[in-house]
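If you're matching them up, the sequences are chains A and B in order. Take the first sequence: its position 63, counted from the start at 1, is 82 in our numbering, and no numbers get skipped. Take the second sequence: its position 28, counted from the start at 1, is 100 in our numbering, and no numbers get skipped.
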Amino acid sequence: DAGVIQSPRHEVTEMGQEVTLRCKPISGHNSLFWYRQTMMRGLELLIYFNNNVPIDDSGMPEDRFSAKMPNASFSTLKIQPSEPRDSAVYFCASSLTDSNQPQHFGDGTRLSIL
Amino acid sequence: QKEVEQDPGPLSVPEGAIVSLNCTYSNSAFQYFMWYRQYSRKGPELLMYTYSSGNKEDGRFTAQVDKSSKYISLFIRDSQPSDSATYLCASALGGGATNKLIFGTGTLLAVQP
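Quick look at the structure:
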């Protein structure tokens, strides 16, 4: 079975540019999570969706960050405008809501803002 | 203070050693505890999942939770070079997939052949 697929794997861009990260969850999973990982703060939840609806976005750091899930098989995390402090690895994870099944993570997008 | 604290290491051990990885947490309402393994440039993958206090064993891995001291441990027996990775502990209030996981910052383990 295909796991969670994220693209791009690496992104290098200049400060002020718009960045869009993409995620395809595991087929049949109805919860989707976006995380950010840094050396200093570890893995932090940014937002999660249940059945394509945002449930908790309290971890989104600023209005520059936005996330959408237009359908069950696709989600985006957008940063506009990007800043150097946004440099991190961004992970997407998916799971089945109504069970104790774990969250399955993608391999992340390594983002560098110059 | 972070809700889940973890020594970042690095921890270096010889092949075959018993490894002990530990976390502490501050929220006494946490009921679910997990250990994830993360290889370099990969996403975290679930190793162990436990509810409340007690031990859980899976092959060479044993997870232990002591709620009275808010202490979480992962033991690896007969460690192998392939166990070299970052180990993340996580806690949650509930067990459903939508319960927010609070992660430690991870401990980097290196098993030397």
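Idealized CB from N, CA, C, for every residue including glycine. Just so it is clear, the structure is predicted and the values come from calculations on it, not from any experiment.
Identification of residues in the stretch 66-90 of chain A having a C-beta nearer than 8 Å to some C-beta of chain B yields Y67, N69, I74 and D75, given in sequence order. Residue contact check for B/P116 against chain A: a CB pair falls below 7 Å. Taking the Cα of A/G78 as reference, the smallest distance to any Cα among A/M88, A/W53, A/M59 and A/S92 is reached at A/W53.
The beta carbon of A/P27 does not come within 7 Å of any beta carbon belonging to chain B, so the residue lies off that interface. Residue state for B/D130 is assigned as strand, using DSSP reduced to three classes. The Cβ neighbour count for B/M106, taken over all protein chains shown within 10 Å, is at least 16; the residue is labelled buried.
Of the candidates B/D150, B/E77 and B/Q136, B/D150 places its Cα closest to the Cα of B/Q184. In this structure, the alpha-carbon of A/G35 lies about 13 Å from that of A/K97. Of B/I144, B/T158 and B/D79, the smallest CA-CA separation from B/Y123 is found for B/I144. In terms of Cβ geometry, B/R109 and B/L93 do not form a close pair [threshold 7 Å].
Straight-line spacing of the CA atoms in A/P103 and A/P80 works out to 14 Å.
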